[in-house]
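Under UniProt numbering, the first residue of the sequence shown is numbered 375, with each subsequent residue one higher.
Quick reminder that beta carbons are idealized off the backbone N, C-alpha and C, glycines included.
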Amino acid sequence: LDAAAARRRHGPQVVISLSAPRIRRGVRKYDVTICGAGFAGSVLARQFAEVSGKRVLLADRRDHVAGNAFDCLDAAGILIHRYGPHIFHTNSDDVFDWLGRFTEWRPYEHRVLARVGDKSVPMPINRDTLNALYGLDMRSEAEAQAFLARQAQPMDKIRTSRDVVVNAIGTDLYETFFQGYTRKQWGLDPSQLDKSVTARVPTRTNTDDRYFTDKHQAMPREGYTRMFERMLDHPGIDLALGTDFHDLEPSDRGALTVYTGPIDAYFGHRFGTLPYRSLQFVHETLDQARFQPVGVVNFPSEDVPYTRITEYKHLTGQRHAKTSISYEYPSAEGDPYYPIPRPENHELFRRYDALAAAEPNVIFAGRLGSYRYYNMDQVVGQALAIHRRLTARQAGTAAM
Ligand code: FAD
Numbered sequence: 375l376d377a378a379a380a381r382r383r384h385g386p387q388v389v390i391s392l393s394a395p396r397i398r399r400g401v402r403k404y405d406v407t408i409c410g411a412g413f414a415g416s417v418l419a420r421q422f423a424e425v426s427g428k429r430v431l432l433a434d435r436r437d438h439v440a441g442n443a444f445d446c447l448d449a450a451g452i453l454i455h456r457y458g459p460h461i462f463h464t465n466s467d468d469v470f471d472w473l474g475r476f477t478e479w480r481p482y483e484h485r486v487l488a489r490v491g492d493k494s495v496p497m498p499i500n501r502d503t504l505n506a507l508y509g510l511d512m513r514s515e516a517e518a519q520a521f522l523a524r525q526a527q528p529m530d531k532i533r534t535s536r537d538v539v540v541n542a543i544g545t546d547l548y549e550t551f552f553q554g555y556t557r558k559q560w561g562l563d564p565s566q567l568d569k570s571v572t573a574r575v576p577t578r579t580n581t582d583d584r585y586f587t588d589k590h591q592a593m594p595r596e597g598y599t600r601m602f603e604r605m606l607d608h609p610g611i612d613l614a615l616g617t618d619f620h621d622l623e624p625s626d627r628g629a630l631t632v633y634t635g636p637i638d639a640y641f642g643h644r645f646g647t648l649p650y651r652s653l654q655f656v657h658e659t660l661d662q663a664r665f666q667p668v669g670v671v672n673f674p675s676e677d678v679p680y681t682r683i684t685e686y687k688h689l690t691g692q693r694h695a696k697t698s699i700s701y702e703y704p705s706a707e708g709d710p711y712y713p714i715p716r717p718e719n720h721e722l723f724r725r726y727d728a729l730a731a732a733e734p735n736v737i738f739a740g741r742l743g744s745y746r747y748y749n750m751d752q753v754v755g756q757a758l759a760i761h762r763r764l765t766a767r768q769a770g771t772a773a774m
């Protein structure tokens with residue numbers, strides 16, 4: 375089979391071609407040293423190398439690029455996301471176009487079902503969800519709005535994420551979809567979590583069953599890793615994989631540092647550790663072409679320990695006689711995934727952030743550097759904005 379025929383037959387294939395750690399010690403000095411080859415670090419590496427003509431060293435302690443968006447072929451040759459399903463969506467033309475330089479896009483609208491008893495119903499809640507759950511036949515938005523208004527239990531003061539949901543759609547829907555899921559996901563009851571977790575309950579009265587409504591919804595045609603490989607393929611960028619930033623030699627450090635690792639780790643956890651919620655993924659390949667009707671099925675009930683199952687072929691469009699899925703088990707231990715939104719954690723972050731602001735020639739960026747849950751497009755937008763700001767500042771200094 376030639377490459378085109380192979381792709382038609384098997385769908386996208388990804389060649390992970392990045393080689394072993396590579397630091398050109400002694401060959402040249404770096405202008406910019408970057409910790410973390412996820413979206414934040416890699417976008418900045420490209421911008422500094424290409425637009426500013428800087429020599430960049432990009433280090434990641436993992437043995438691959440792409441951070442948590444990393445995808446690879448599993449033993450069966452199916453493209454999976456090692457750190458859980460990553461679906462790209464954005465309203466920003468700038469972000470979409472910038473990334474589009476390094477990948478073709480495959481249109482993909484994400485759909486999610488929630489398993490409630492023996493029913494699978496659309497998530498976010500829409501009119502079909504309500505009809506299926508309550509055995510109704512509502513045909514208009516007005517009917518669904520009136521139904522939700524009867525369910526809602528308005529509250530004077532909204533303090534927690536439980537209040538947000540109950541206030542908007544009442545206890546029955548709250549208990550069905552939010553209570554168990556949140557307890558599993560966060561290890562905390564919604565009444566103990568900041569209202570920001572569910573600040574907006576995306577409940578629809580129409581029958582739109584897309585998970586996102588953004589202007590651009592698409593996946594990198596050959597996967598995220600391939601997109602990152604192209605982004606980092608620039609003569610000004612050296613890549614040191616399997617290398618902890620804190621183990622770099624002083625001579626590897628440029629005049630500017632970009633740090634996209636955990637902000638508390640940079641400062642030796644001197645005020646204490648910023649808490650994160652983690653996930654364990656159990657990946658499986660099944661001897662059947664299709665497992666479930668959509669990319670992700672959620673399990674809001676506490677009767678099962680996992681929160682969702684992902685079937686990757688829906689996301690990637692790959693054709694293959696087998697299929698690969700992953701189960702997600704929330705856990706307290708493991709890689710830092712979700713900052714836990716409680717006031718005391720935010721306060722702790724502010725103390726680190728004050729140290730960061732006073733740290734000369736170091737920029738903190740990305741999800742871990744900002745202790746905020748950001749989507750991929752937000753991280754790309756943040757990185758592009760940081761580079762623009764620094765370039766403008768430099769131009770201002772040069773003009774003086
Ligand atoms: P990361 O991708 O975490 O990259 C940081 C990198 O820094 C890592 O590779 C890490 O190894 C490295 N690092 C840390 N410390 C050091 C050190 N000391 N030395 C060297 N390297 C270090 N976003 C979406 O838009 N859509 C989705 O569907 C989506 N799904 C998600 C699902 C899950 C389960 C999770 C956890 C996140 C999801 N996200 C999604 C968010 C997305 O993962 C992030 O927006 C994105 O990965 C952030 O990029 P980053 O560069 O800030 O961080």
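Residue 786 in three-state terms, based on DSSP:
An answer regarding residue 786 cannot be provided, because it is not within the stretch 375 to 774 covered by the chain.
Identify whether I408 lies in helix, strand or coil by the three-state DSSP scheme.
Along the sequence shown, read from residue 1 onward, the residue named residue 408 stands at position 34. Correct three-state label for I408: strand.
Give a yes or no on whether the C-beta atoms belonging to R604 and F476 are separated by under 7 Å.
As a working mapping, residue 604 is identified with position 230 in the sequence shown. As a working mapping, residue 476 is identified with position 102 in the sequence shown. Yes, the pair counts as a contact, with Cβ atoms nearer than the cut-off.
Touch check for the region 560-571 and the region 699-714: three-plus C-beta pairs under 8 Å?
yes
On the DSSP bridge assignment, give the partners of K493 in chain order.
Residue 493 sits at position 119 when you count from the first residue of the sequence shown. Looking at the DSSP assignment, K493 forms a beta bridge with V490.
Cα separation between N735 and P667?
Along the sequence shown, one-based indexing puts residue 735 at 361. Along the sequence shown, one-based indexing puts residue 667 at 293. So the two alpha carbons sit approximately 50 Å from each other.
Between the alpha carbons of I543 and T464, how many angstroms are there, rounded?
Taking the first residue of the sequence shown as position 1, residue 543 is located at position 169. Taking the first residue of the sequence shown as position 1, residue 464 is located at position 90. About 27 Å.
Per DSSP, R651 forms a beta bridge with which residues?
The residue given as residue 651 occupies position 277 in the sequence shown. Note: R651 sits in a beta bridge opposite Y712.
Could you compute how far the alpha carbon of F602 sits from the alpha carbon of S744?
The count along the sequence shown starts at 1 and reaches residue 602 at position 228. The count along the sequence shown starts at 1 and reaches residue 744 at position 370. Looking at the two C-alpha atoms, the distance is approximately 22 Å.
With D612 as the anchor, note down where its beta strand (DSSP E) starts and where it stops.
Sequence index remark: in the sequence shown, residue 612 carries index 238 (1-based). Looking at the DSSP string, the run of the beta strand (DSSP E) that includes D612 is 611-615.
How big is the Cα-Cα spacing for S426 and T407?
Here residue 426 refers to the residue found at position 52 of the sequence shown. Here residue 407 refers to the residue found at position 33 of the sequence shown. Their backbone Cα atoms lie some 14 Å apart in a straight line.
Any heavy atom of the ligand FAD closer than 6 Å to the Cβ of G740?
Here residue 740 is taken as the residue at index 366 of the sequence shown, counted from 1. Yes, the ligand FAD has a heavy atom inside 6 Å of this Cβ.
Can you give me the start and stop residues for the beta strand (DSSP E) that V736 sits inside?
As a first step, residue 736 is located in the sequence shown; it is residue number 362 there, counting from the start. Taken as a continuous stretch (DSSP letters only), the beta strand (DSSP E) holding V736 covers 736-738.
Three-state secondary structure (DSSP) at N541?
Sequence index remark: in the sequence shown, residue 541 carries index 167 (1-based). Residue state for N541 is assigned as helix, using DSSP reduced to three classes.
Kindly list the residues whose CB is nearer than 8 Å to the CB of M529, restricted to its own chain and excluding five residues on each side of it in sequence; keep chain order.
Translated into positions along the sequence shown, residue 529 becomes position 155. Correct list, in chain order: D537, V540, N541.
Pick helix, strand or coil for L547, following the three-state DSSP scheme.
As a working note, residue 547 is residue 173 in the sequence shown. Three-state result, L547: helix.
beta-carbon Y711 near the ligand FAD non-hydrogen atom, thresh 6 Å:
Numbered from 1 along the sequence shown, position 337 holds the residue referred to as residue 711. Indeed, a heavy atom of the ligand FAD lies less than 6 Å from the Cβ.
Are the beta-carbon atoms of L722 and G635 separated by less than 7 Å?
Within the sequence shown, the letter at position 348 stands for residue 722. Within the sequence shown, the letter at position 261 stands for residue 635. Cβ atoms of L722 and G635: not closer than 7 Å.
Using CA atoms only, rank isn't needed, just tell me which of K428, I454, G410, D448 is closest to L689.
As a working note, residue 689 is residue 315 in the sequence shown. Among K428, I454, G410, D448, the Cα nearest to that of L689 belongs to I454.
The ligand FAD heavy atom lying under 6 Å from the CB of T634:
The sequence position of residue 634 within the sequence shown is 260, counting from 1. T634 Cβ: within cutoff of the ligand FAD.
Residues sharing a beta bridge with P704, DSSP
To locate residue 704, count along the sequence shown from 1; it is residue 330. For P704, which the question treats as bridged, DSSP gives the partners L653.
Could you tell me which residues DSSP pairs with Y633 in its beta bridges?
Residue numbering aside, residue 633 sits at position 259 when the sequence shown is read from its first letter. Paired residue(s): C409, F738.
Contact set for P679: own chain, Cβ-Cβ below 8 Å, skip 5 residues either direction:
By one-based count along the sequence shown, residue 679 stands at place 305. Correct list, in chain order: K558, Y703.
beta-carbon G708 near the ligand FAD non-hydrogen atom, thresh 6 Å:
Reading the sequence shown from its first residue, position 334 is the one you call residue 708. No, the ligand FAD has no heavy atom inside 6 Å of this Cβ.
Contact under 7 Å by Cβ, D405 with G554
Your numbering for residue 405 matches position 31 in the sequence shown. Your numbering for residue 554 matches position 180 in the sequence shown. Not closer than 7 Å, so no.
Under the rule that 16 or more other beta-carbon atoms within 10 Å means buried, what is T771, buried or exposed?
Numbered from 1 along the sequence shown, position 397 holds the residue referred to as residue 771. Answer is exposed; the Cβ neighbour count stays below 16.
Cβ-based burial, H590 [other Cβ within 10 Å; buried from 16]:
Within the sequence shown, the letter at position 216 stands for residue 590. With 16 or more Cβ atoms within 10 Å of its Cβ, H590 is classed as buried.
Which runs of the beta strand (DSSP E) spanning at least 3 residues fall entirely within the region 442-485, listed in chain order?
Whole beta strand (DSSP E) segments, 3+ residues: 445-447, 453-455, 479-481.
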